[in-house]
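Worksheet: the structure to be examined is printed underneath.
There are 2 protein chains.
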Amino acid sequence: MGTFKIGELAAAAGVGRDTIRYYERSGLLPAPDRTAAGYRLYGDADLDRLNFIRSAQELGFTLEQSRQLLTLQASDTATAAAVLEITLAKISEAESRVRRLSHIRDILRELAEECPGEVPASDCPILVYLAAKRSSRRDEAIKEKSLREQ
Amino acid sequence: MGTFKIGELAAAAGVGRDTIRYYERSGLLPAPDRTAAGYRLYGDADLDRLNFIRSAQELGFTLEQSRQLLTLQASDTATAAAVLEITLAKISEAESRVRRLSHIRDILRELAEECPGEVPASDCPILVYLAAKRSSRRDEAIKEKSLREQ
DNA sequence: TTGCAGGTTGGACCGTGGTCCAGGGTCAAG
DNA sequence: CTTGACCCTGGACCACGGTCCAACCTGCAA
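Going down the list, the protein sequences come from chains B and P.
Take the first sequence: its letter number 74 is residue 74 in full-length UniProt numbering, and every next letter is one higher.
Take the second sequence: its letter number 143 is residue 143 in full-length UniProt numbering, and every next letter is one higher.
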């Protein structure tokens, strides 16, 4: 309840001042009122908005998606279905990342288990695996896309 | 068997020419011999090296880690234990990412299930969750570090 | 009045793994 | 001899989510 200068808002929300200005530039926070000297003045709604964004970030939403969610929240014509759509997409993204990471983890676990430790590095099954012909490791083209998304 | 120009090596390895030059700059590939005209000339060992790097990338290793693994492979004093150490670190990284992503996925699934779809967006339980006071959502400081690692 | 903490701006920079471009040189085929 | 495909270099640019900087201005306390 009340108005904050940028440093106060930053402290309240647990982010940096620069982050707040960055969010403003990115269209996540509205341009705030200013004092005569040009200082930004914020209110409780801005703190709520920042907290919303932080919660969304923790759930894996990008800033752009957070922006969309905030827009939906403010809309009086949008329905929950639009929010659900974004959420379902995020769920399947999380699912495929979990699948891919679990797969990697399993391969690494197997290799680590086989590794005796006290042999020369060049005999290490992990390096042998990495040096092996790639012909069998299947469907390169498919995986290529998901390399960025690990 | 044979020597390649950069385009041939790129095609054989399934990467771009620029990627090969980038790897050279980054110390992942040795500076190759050149023709009189300055063209880079590669051999089978370079193709093997590129394939090694690609395999390592698919297992989630960074280029820097790939470089370390290649160095260990080439060393005649290093033991497999050094490779194992890198691998174990990668495994626990994968494990914590899987935990985090699974947690997110579960929260989103729950919220999505509660969402009726045909209500105004602002009544959507997903948005309600994001707008809720953050006080309960625990241990902010701890999570903060892992935000980048999603 | 002076000092210092805070505010302002525009713009550069970070990591990661590339990708693209301009402006040139080279090489083999037709 | 020209055309086109390939090669060279140095440097800019991409996403993403910030972070930091210089150079300046403001507001409050001692």
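By construction, the Cβ of each residue, glycine as well, lies at the ideal position given by its N, Cα and C atoms.
Residue i vs residue j beta-carbon contact at 8 Å
i        : j        : result
B:LEU59  : P:LEU108 : yes
P:LEU9   : P:TYR42  : yes
P:ARG34  : P:ARG25  : no
P:ARG97  : P:GLU149 : yes
P:ALA78  : P:SER66  : no
B:ALA121 : B:ARG54  : no
P:LEU69  : P:ARG49  : no
P:ILE104 : B:ALA11  : no
P:PHE61  : P:LYS90  : yes
P:ARG17  : P:GLY7   : yes
P:PRO125 : P:GLU118 : no
Proximity test, Cβ basis, 8 Å: residue i and chain B
i        : result
P:PRO120 : yes
P:LEU63  : no
P:GLN150 : yes
P:ALA12  : no
P:ASP33  : no
Residue i, buried or exposed, once every other Cβ within 10 Å from all chains shown has been counted against 16
i        : result
P:PRO116 : exposed
B:ARG100 : buried
P:ALA80  : buried
B:ASP46  : buried
B:ALA112 : buried
Where residue i falls: helix, strand or coil (DSSP)
i        : result
P:PRO30  : coil
B:PRO116 : coil
B:SER100 : It should be noted that the sequence gives Arg, not Ser, for residue 100 of chain B. Helix.
P:ARG40  : strand
P:THR35  : coil
P:PHE52  : helix
P:THR79  : strand
Min CB distance residue i to chain P below 8 Å
i        : result
B:GLY2   : no
B:ARG17  : no
B:SER26  : no
B:LEU29  : no
B:ILE104 : yes
B:ARG54  : yes
B:ARG67  : no
B:ALA37  : no
B:ALA81  : yes
B:ASP46  : no
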